[in-house]
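Notes follow the structure.
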DNA sequence: CGCGCGGTTGAAGAACCTCAATTCGGGTGG
DNA sequence: CCACCCGAATTGAGGTTCTTCAACCGCGCG
């Protein structure tokens, strides 16, 4: 039972023959996974991308806290459910969007989680490698490279060693499929 | 806020240009979506596949019930979290499994939810069309048809108008990728 | 210096899609 | 009762998207 205070980690599962699927990235302020209130074992693995500082909870204490305070219960349910909603958005991406849309949406989503307000020129730390993007979005690293290169050539983004800059927010949203995030 | 008592329904979203992604099928005994305890609006649509009989709850009453009884809270959290876990399994399917694996796993999963214990020869009502399978698994109906035809020719399954029979459980599990469901 | 990780690029192929024609079965109207 | 019709499934041909394999580059680091 842990909340991330600093750094970035991700949850993933590996299927037979070594294919890897990343389930989510955890950023500061977020639970690794709310499931641990109920579960003892995990069907996934967790790995840190950067050095990470955690805030640990005793499971039973958290359970008591949720019981004792109605507001706490409500906000914990809120967390569980918005985690589920994020997973469902991901399902839509994987099932029914092209690789360009997926990658554009992923970059926009990470920017938003890093405090982006929507303006062009926003720049933030981005420690995620192409292999992670590929494993998050059901693609190969090679294909991610091609799409990212295309975005860069079209001046939608500027991608440094560990920083990403949204250069043309409008065009990137277009590439993401227009509406929503 | 509703539980399905009879029949089958599904939740889905449509993205621009009409592509459809099915998020889940609801079977008897299951919530349409546990999210409604916290949410007022839904980002998805629901459609019945067969005639459906529902059991409706008043949201505020359910909230009070959850607060009043620790066991109720625990089992509701259990439901939320296992819904999330199902979505994550789906993400792995969509991201990192072939169309044959996805379809085989989907059929096995539906059989299990219909009370299947694992033996060959089990047969159950299956009102789902190929288009639904396609929209659940991120494929086209045409491709689903090809894979299903292949399964049928290899005598893994027998698919009637509205019933499905697991003819060769072992081979179907092999097609599903070996381990787990 | 050399090694390794991450990224880029090209060529060839596999998986899946699109379009379109055809079939099959169940229901409905004449 | 039969003709028709409609939704659902099948099948073929050809195309696109993404993968695979492999070579190569650039850069930070021991």
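Protein chains in written order, with the working numbering: chain R, -4 to 176; chain V, -4 to 176.
Cβ coordinates follow ideal geometry from the N, Cα and C atoms, glycine included.
Check	Outcome
Rounded to the nearest angstrom, what separates residue 166 of chain V and residue 17 of chain V at their Cα positions?	27 Å
May I ask which residues mark the beginning and end of the alpha helix (DSSP H) holding residue 154 of chain R?	Not the alpha helix (DSSP H): residue 154 of chain R falls in the beta strand (DSSP E), residues 152 to 154.
Return the CA-CA distance between residue 2 of chain R and residue 4 of chain V, expressed in angstroms with no decimal places.	41 Å
For residue 162 of chain R, is the classification buried or exposed, using 16 other Cβ atoms within 10 angstroms of its Cβ as the cut-off for buried?	buried
Roughly how many angstroms lie between the CA atoms of residue 113 of chain V and residue 155 of chain V, to the nearest whole one?	20 Å
What three-state label does DSSP hand residue 5 of chain V in the structure shown?	strand
Strictly below 8 Å CB to CB, what residues from chain R border residue 32 of chain V?	72, 76
I'd like to know whether the C-beta of residue 16 of chain V is nearer than 8 Å to at least one C-beta of chain R.	yes
With 16 other CB atoms within 10 Å as the buried threshold, where does residue 30 of chain R fall?	buried
For residue 35 of chain V, does the count of other Cβ atoms within 10 angstroms reach 16, so buried, or fall short, so exposed?	exposed
Please name the residue in R:143, R:89, R:81, R:70 whose C-alpha comes closest to that of residue 102 of chain R.	R:143
Compare the C-alpha of residue 119 of chain R against each of R:72, R:109, R:12 and name the closest.	R:109
Is residue 11 of chain V close to chain R? Criterion is C-beta to C-beta, closer than 8 Å.	yes
What does the alpha-carbon distance come out to for the pair residue 117 of chain V and residue 164 of chain V?	9 Å
Please give me, in chain order, every unbroken run of the alpha helix (DSSP H) with length at least 4 that falls completely inside the segment 32 to 113 of chain R.	54 to 63, 65 to 91, 94 to 108
Would the beta-carbon of residue 98 of chain V fall within 8 Å of that of residue 128 of chain V?	yes
For a contact meaning CB atoms closer than 8 Å, what does residue 181 of chain R contact in chain V?	The question about residue 181 of chain R has no answer, for chain R in this structure spans -4 to 176.
Going along the chain, which residues of its own chain have a beta-carbon closer than 6 Å to the beta-carbon of residue 26 of chain R, five neighbours each way excluded?	-2
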